[in-house]
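Worksheet: the structure to be examined is printed underneath.
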Amino acid sequence: MDTREIQAIIESLLFAAGEAVELERLADIVDVDKKTLRGIIKEMMDTYNYEKRGIHIIKLEDSYRMCTRGEYKEYVSMLMKPGRKQQLSAAAIEVLAIVAYKQPVTRTGIENIRGVNCDHIVNRLIERELIAEIGRLKDAPGRPLLFGTTRKFLETFGIESIGDLPEFESLAVPEEFEAEDAAAGADEDEEQAAE
């Protein structure tokens, strides 16, 4: 099988899957070693980017997914049925950031950092498949659940792996905003508790 045919097969597989597919699975299907296939897919990614096609292939850890380009989302949204946009609240983004940077982390660990109960927010992030239970803390009473981010988290934020997150120190909030953010976060937590 020549490279062009392998590329066509990979394109078909990624399009049909509609989600990320592991490199190992793709290599088994096309009967090509992983190193060679990784190079072929990289070439496809470069071609799509160079030609500025409406689709592109993204790498998520050791998996690949075909997606539409972000710059064409306005046009794609015109085609799709209108739906309720589900944006994350500031409190949910805080919890998600804590999980992303501290994983694996317990619910208590999240609450110790935020200073408020996070049950509702954690459950919502689990429902949205942005975080998941990844095990239990064996050395603590009651063996509390540990949480980590998911593949959908990587896809949603357009990053290949957790290692690609910006350095935590570079995200520091200037002191003058900390008091405002703390007050806003408390108001939002009260609103969510009322739901």
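Take any residue in the sequence shown, count from 1 to its spot, add 3: that is its number in our numbering. Don't be surprised by glycine CBs; every beta carbon is placed ideally from N, CA and C.
| Asked | Found |
| --- | --- |
| Pick from Gly161, Met83 and Asp122 that is closest to Tyr67, judged by C-alpha positions | Gly161 |
| Collapsed DSSP secondary structure at Glu136 in the structure displayed | strand |
| Residue environment, Thr152, which counts as buried when at least 16 other CB atoms sit within 10 Å | buried |
| Ile96 burial status per 10 Å Cβ neighbour count (16 or more: buried) | exposed |
| Beta-carbon proximity of Arg41 to Leu26, cut-off 8 Å | yes |
| DSSP three-state assignment for Lys105, whether helix, strand or coil | helix |
| Same chain only: Cβ atoms within 8 Å of Ala103, ignoring 5 sequence neighbours per side | Thr152, Phe156, Ile165 and Leu168 |
| Rounded separation between Ile12 and Asp142 - CA only | 48 Å |
| Given Ile43 as reference, the closest of Ile9, Ile32, Gly145 and Thr71 once Cα atoms are compared | Ile9 |
| Nonlocal neighbours in the same chain, by C-beta distance under 8 Å from Asp65, ignoring five residues either side | Glu25, Leu26 and Glu27 |
| Terminal residues of the beta strand (DSSP E) in which Tyr67 lies | Ser66 to Thr71 |
| Cβ separation of Arg72 and Ile60, assumed to be a contact under 8 Å, to the nearest whole Å | Not quite, the Cβ-Cβ distance comes to about 11 Å (not below 8 Å), so this is no contact. |
| 8 Å contact criterion, which Leu149 and Arg139 should meet: CB distance rounded | 6 Å |
| Counterpart residues of Ile60 in DSSP-defined beta bridges | Met69 |
| Beta-carbon separation (whole angstroms), Ile116 vs Val125, contact threshold 8 Å | The Cβ separation is near 13 Å, so there is no contact. |
| Backbone CA spacing between Val35 and Met4 [nearest angstrom] | 9 Å |
| Which of helix, strand or coil DSSP assigns to Leu29 | helix |
| First and last residue of the uninterrupted beta strand (DSSP E) at Thr152 | Leu148 to Thr152 |
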